[in-house]
Amino acid sequence: MGAMLSDLERELLVAAGRLGMPNLRKLVAMGANRRFVVRLHGAGLLGVGKVTLGGARWEPEGPDQRLLIGVCDGGELVDVVAVSSTCRDEWSLRTGLGWALGADAIDEVHKVLASDMGEKKKRVRLRLHATPFDWLAAGGEGLCVLDWCAASLAELRGLGERVTLQVPPGGAERIKGLLAYGGLPRVSDGADGFMGRIAA
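Just so you know, we're using my numbering here: the sequence shown kicks off at 10 and counts up by one.
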């Protein structure tokens with residue numbers, strides 16, 4: 010977070026102040042990685058708040074209690090995702106600018122690919138998580154796509170054929186379908202079973 014706080018940063022810091030140790034313990038009991046959630050909370054990127062849900066977006070000060078997670082890109086807070094603890098595959102974005110939790114993982118993949126100048130080109134795996142809770146459980150490693158829009162699909166397609174997207178079991182066909190038009194990454198179902206290259 011920058012020196013001058015944005016409205017979004019202020020909202021999330023207030024939410025972080027409401028989280029408290031009992032809620033952190035509940036998150037860990039639900040499977041979240043303890044060190045990771047403590048680190049997120051300490052950075053002001055994890056909190057709780059009452060929100061008003063409006064489809065894909067949410068507004069502060071509403072009737073619905075949600076876990077709030079900061080969505081960063083390039084080290085900057087760009088959005089906040091409101092996650093339901095009772096329905097893990099239900100979430101809404103505050104601004105709509107954040108397409109994924111862990112978006113910086115894509116930059117890391119590009120760095121690895123750029124640094125590999127050998128004749129035998131290295132293959133890189135990028136883990137995709139189905140839900141924000143799965144991402145929290147994995148300690149923030151990998152990526153959780155929050156908005157499967159044209160821009161997020163282009164980001165994933167742009168990884169190229171040396172990247173294998175490792176997805177949750179049962180998710181490979183869905184991801185292959187989403188990326189089918191122009192997508193080149195390989196897709197694995199997490200059981201180290203190669204699902205094939207996505208058809209262009």
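Cβ coordinates follow ideal geometry from the N, Cα and C atoms, glycine included.
Since the model is a prediction, treat every value here as computed from it, not as a measurement.
Those residues which DSSP pairs with A154 across a bridge: What you label residue 154 is simply residue 145 of the sequence shown in a count that begins at 1. The sequence shown places Val at residue 154, not Ala. Per DSSP, A109.
Residue ranges of each beta strand (DSSP E) run of no fewer than 3 residues wholly in the segment 40-111, ordered along the chain? 55-63, 66-69, 73-82, 85-92, 100-102
Taking contact to mean 3 or more Cβ pairs, one atom from each stretch, closer than 8 Å, check whether the segment 151-158 and the segment 96-112 are in contact. yes
State the DSSP-derived secondary structure class of L168, mapped to helix, strand or coil. Position 159 of the sequence shown, counted from the first residue, corresponds to residue 168. The answer is coil: DSSP assigns L168 none of H, G, I, E or B.
With H, G and I counted as helix, E and B as strand and the rest as coil, what does DSSP make of E117? For the purposes of this step, residue 117 is taken as the residue at position 108 of the sequence shown. Helix.
In DSSP terms, what R183 is bridged to: Here residue 183 refers to the residue found at position 174 when the sequence shown is read from its first residue. DSSP output for R183 lists no bridge partner at all.
Rounded to whole angstroms, how far is the Cβ of L33 from the Cβ of V47, which I believe are closer than 8 Å? Taking the sequence shown and counting its residues from 1, one reaches residue 33 at position 24. Taking the sequence shown and counting its residues from 1, one reaches residue 47 at position 38. Their Cβ separation, rounded to whole angstroms, is 7 Å, which keeps L33 and V47 in contact under 8 Å.
How far does the beta strand (DSSP E) with L137 in it extend, from its first residue to its last? Counting from one through the sequence shown, the residue named residue 137 turns up at place 128. Segment 133-138, the beta strand (DSSP E) holding L137.
Roughly how far, in whole angstroms, is the beta-carbon of D98 from the beta-carbon of A65, given that I think they are within contact range, below 8 Å? Residue numbering aside, residue 98 sits at position 89 when the sequence shown is read from its first letter. Residue numbering aside, residue 65 sits at position 56 when the sequence shown is read from its first letter. Their Cβ separation, rounded to whole angstroms, is 14 Å, which puts D98 and A65 out of contact at 8 Å.
So, using beta-carbon positions, are V57 and E70 closer together than 9 Å? In the sequence shown, the residue the question calls residue 57 occupies position 48. In the sequence shown, the residue the question calls residue 70 occupies position 61. Cβ atoms of V57 and E70: not closer than 9 Å.
Considering only their Cβ atoms, is the gap separating W100 from A114 smaller than 9 Å? On the sequence shown, position 105 is the one that residue 114 refers to. On the sequence shown, position 91 is the one that residue 100 refers to. No. Outside cutoff.
Hey, could you find the ends of the alpha helix (DSSP H) L145 is sitting in? Counted from its first residue, the sequence shown places residue 145 at position 136. It spans 141-146 - the alpha helix (DSSP H) in which L145 sits, taken as one unbroken run.
Apart from the five residues just before and just after L187, which ones in its own chain have a Cβ nearer than 7 Å to its Cβ? Indexing the sequence shown from 1 puts residue 187 at position 178. Excluding positions up to five away in sequence, the list reads W157, L162.
Can you tell me which of the three DSSP states S15 falls into? Taking the first residue of the sequence shown as 1, we reach residue 15 at position 6. Of the three classes helix, strand and coil, the one that applies to S15 here is coil, per DSSP.
Less than 6 Å between C-beta atoms, sequence neighbours within five positions excluded: which residues of the same chain meet that for T104? Looking up residue 104 in the sequence shown gives position 95. So the qualifying residues of the chain are D88.
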